[in-house]
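Q:
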Amino acid sequence: MTRPLVGVLALQGDVREHLAALNDSGADAVGIRRPEELEKIDGLVIPGGESTTMSKLLQIFELLEPLKARLRDGLPAYGSCAGMILLASEILDTRPDAQHLGAIDMTVRRNAFGRQVDSFESDLEFEGIVGDPMRAVFIRAPWVERVGDDVQVLARVPESGGAAAGRIVAVRQGSVVATSFHPEVTGDRRVHELFVDIVRGV
Ligand SMILES: NC(=O)CC[C@H](N)C(=O)O
């Protein structure tokens, strides 16, 4: 597979940044808004934004069930922040009618680090990615409170992170990856390169 076709769920959130990051990382990127567009892609990114809004829009645009089906069939996926929330099997502190995709066996707490003003940046180690520590940008981010046996923890808040030190902020289950933070906004393409390799089956 030379340049895989990777979709970015384009209902709401920071779509443009992920399209650019994927194009920089060896994939051809395309926005996804309709069920029929899901069939042609080799992988999918779910961007940051507002997970409860995305949940509603997934239903309005009739994408929820077709996307769940493609994920069940093994579609590689990567979710950042709100995308992590949607990929979870259990979400804490969300609306009762909020939908989720259940692609990773994990419990995620929305807005776990606090209010918008508590957003922060941190340098952290990312399992499987070599080189300098990754600059992680957390914007009203979730954290992972529980992971299933098949889920690999890829990154945690470092000891310098105060009360949140040790909290799980990046995970992988099979071909599905999720981060609490936003690599798409820093110019560091290593997470997107890792995901494109997963899509390629590397
Ligand atoms: N940066 C983000 O994606 C924020 C996520 C948002 N706080 C939510 O709970 O859906």
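If you count the sequence shown from 1, position 38 lands on 59 in this note's numbering, and the numbers rise without skipping. Backbone N, C-alpha and C fix where the C-beta goes; we use that ideal spot for every residue, glycine too. Every value quoted in this text rests on a predicted model; they were computed, and no experiment measured them.
Please report the Cβ distance between H39 and V51, rounded to the nearest whole angstrom; I am assuming they are in contact, meaning their Cβ atoms lie under 8 Å.
A: For the purposes of this step, residue 39 is taken as the residue at position 18 of the sequence shown. For the purposes of this step, residue 51 is taken as the residue at position 30 of the sequence shown. Contact doesn't hold; Cβ gap of about 11 Å is too wide.
Q: Mind checking which residues open and close the beta strand (DSSP E) that includes I81?
A: Here residue 81 is taken as the residue at index 60 of the sequence shown, counted from 1. Premise fails: I81 lies in the alpha helix (DSSP H), S72 to I81, not in any beta strand (DSSP E).
Q: State the CB to CB distance for the pair D63 and V220, rounded to an integer number of angstroms; the pair is presumed to be in contact (CB under 8 Å).
A: For the purposes of this step, residue 63 is identified with residue 42 of the sequence shown, where counting begins at 1. For the purposes of this step, residue 220 is identified with residue 199 of the sequence shown, where counting begins at 1. The Cβ separation is near 5 Å, so the contact holds.
Q: At a cut-off of 8 Å, is R156 close to ligand 1 when judged by its beta-carbon and the heavy atoms of the ligand?
A: On the sequence shown, position 135 is the one that residue 156 refers to. Not so, every heavy atom of ligand 1 lies at least 8 Å from the Cβ.
Q: Ligand 1 heavy atoms versus the CB of I150: any closer than 8 Å?
A: Position 129 of the sequence shown, counted from the start, is the residue given in the question as residue 150. I150 Cβ: outside cutoff for every heavy atom of ligand 1.
Q: Extract the residue ranges of the alpha helix (DSSP H) inside the region 79-128, only unbroken runs of 4 or more that lie entirely within it.
A: Contiguous alpha helix (DSSP H) elements confined to the region 79-128 occur at 85-93 and 103-108, taking only those with 4 or more residues.
Q: Would E205 be called buried (16 or more neighbouring beta carbons within 10 Å of its own) or exposed?
A: Residue 205 sits at position 184 when you count from the first residue of the sequence shown. So E205 ends up on the buried side.
Q: So, using beta-carbon positions, are V197 and W164 closer together than 9 Å?
A: If you number the sequence shown from 1, residue 197 lands on position 176. If you number the sequence shown from 1, residue 164 lands on position 143. Not a contact, by the Cβ cut-off of 9 Å.
Q: I189 and V168 look like a contact to me (Cβ under 8 Å); what is the Cβ gap, rounded to whole Å?
A: As a first step, residue 189 is located in the sequence shown; it is residue number 168 there, counting from the start. As a first step, residue 168 is located in the sequence shown; it is residue number 147 there, counting from the start. Sure, about 7 Å apart at Cβ, within 8 Å.
Q: Give the DSSP bridge partners of I189, in chain order.
A: To locate residue 189, count along the sequence shown from 1; it is residue 168. V165 and R177, per the DSSP bridge assignment.
Q: Are A98 and A124 touching if we call contact CB-CB under 9 Å?
A: On the sequence shown, position 77 is the one that residue 98 refers to. On the sequence shown, position 103 is the one that residue 124 refers to. The answer is yes: Cβ separation under 9 Å.
Q: Alpha carbon to alpha carbon, how far is R131 from E166? Give it in angstroms, no decimals.
A: As a working note, residue 166 is residue 145 in the sequence shown. As a working note, residue 131 is residue 110 in the sequence shown. Cα to Cα, the separation comes out at about 10 Å.
Q: Using only CA atoms, which one of S201, R24, F82 and F159 lies nearest to P56?
A: If you number the sequence shown from 1, residue 56 lands on position 35. Measuring from the Cα of P56, the nearest candidate turns out to be F82.
Q: Output the boundary residues of the beta strand (DSSP E) element that contains V198.
A: Residue numbering aside, residue 198 sits at position 177 when the sequence shown is read from its first letter. Taken as a continuous stretch (DSSP letters only), the beta strand (DSSP E) holding V198 covers V197 to T200.
Q: Looking at ligand 1, does it come within less than 8 Å of I160, judged from the CB to the closest heavy atom?
A: Residue mapping note: residue 160 aligns to position 139 of the sequence shown, counting from 1. At least one heavy atom of ligand 1 is nearer than 8 Å to the Cβ of I160, so yes.
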